[in-house]
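S.K.: Here it is, the structure, as structure tokens.
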Amino acid sequence: MTIELSMLALSVVLGLVHIVLASHGASWQRGYAWTASARDTIVPPLRGVAGRLERGCRNYLETFPLFAAAVLMANAAGRHNWLTMLGVQLYFWGRVAYLPLYAFGIPLIRSLCWNLATGGIVLLLCALL
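Heads up, the sequence shown is in this note's numbering, so the first residue is 970 and it goes up one at a time.
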């Protein structure tokens, strides 16, 4: 398996980590009875760490499809070079760093990590041109 597909697989695992942490954060704040319910009632927005985990998860789920599509297009096109290898590394490690930085509410560095990850997607797209 190429490094690009390996990093895509690891990014799927990272997405699951985001989902599990956000889910547990919501459960800790709203209670497990709410988690087990049909969730038909309107609840206030999550706050603190739980809110940041939810927003971080949503942000991850916004960028991951673009990353996955770029990796799969590069793979289908037979593009495997320094741009694709650097791009997948920037995306994955930027997103790994982003999760705790967002959860703990650390500004600026978190934004830098987001930019690095997004730059990784851009590098993948450049490799396709």
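The beta-carbon is built from N, C-alpha and C at its ideal position, and this holds for glycine as well.
Based on Cα-Cα distance, which residue from R1064, Y1067, A1037 lies nearest to L974?
M.R.: A1037
S.K.: With distances taken Cα to Cα, identify the nearest neighbour of L1015 among D1009, A991, L1035, V1091.
M.R.: A991
S.K.: Taking the CB atoms as reference points, tell me whether L983 and V1065 lie closer together than 8 Å.
M.R.: yes
S.K.: For the segment 1049 to 1056 against the segment 1089 to 1098, are there 3 or more C-beta pairs whose distance is under 8 Å?
M.R.: yes
S.K.: Ordered along the chain, which non-local residues of its own chain (more than five positions away) have a Cβ less than 7 Å from that of R1048?
M.R.: A1096, L1097
S.K.: Kindly examine the ligand SAM and report whether one of its heavy atoms sits closer than 7 Å to the Cβ of E1031.
M.R.: The model on display carries no ligand, and the ligand SAM is accordingly not part of it.
S.K.: Could you name the residues of the same chain whose beta carbon sits closer than 6 Å to that of I1078, not counting the 5 residues immediately before and after it, in chain order?
M.R.: Cβ-Cβ distances below 6 Å link I1078 to L1070 in the same chain, with the five nearest sequence neighbours on each side left out; the list follows chain order.
S.K.: For V986, I'd like the list of residues in its chain whose CB is within less than 8 Å of its CB, leaving aside the five on either flank, ordered along the chain.
M.R.: Setting aside the 5 residues that flank it on each side, V986 is surrounded in the same chain by L1068, each with a C-beta closer than 8 Å to its C-beta; the list follows chain order.
S.K.: If you reduce the DSSP assignment to three classes, tell me which class R1048 lands in.
M.R.: coil
S.K.: Can you tell which of W1083, R1008, A1072, A1019 has its C-alpha closest to the C-alpha of W1062?
M.R.: W1083
S.K.: What are the boundary residues of the alpha helix (DSSP H) that includes I1011?
M.R.: Note, I1011: premise wrong, no alpha helix (DSSP H); not H, not E.
S.K.: Checking 8 Å against the spacing of the C-beta atoms, do F1033 and S980 come in under that value?
M.R.: yes
S.K.: Look at the Cβ atom of R999, then the Cβ atom of G1074, and state whether they are nearer than 8 Å.
M.R.: no
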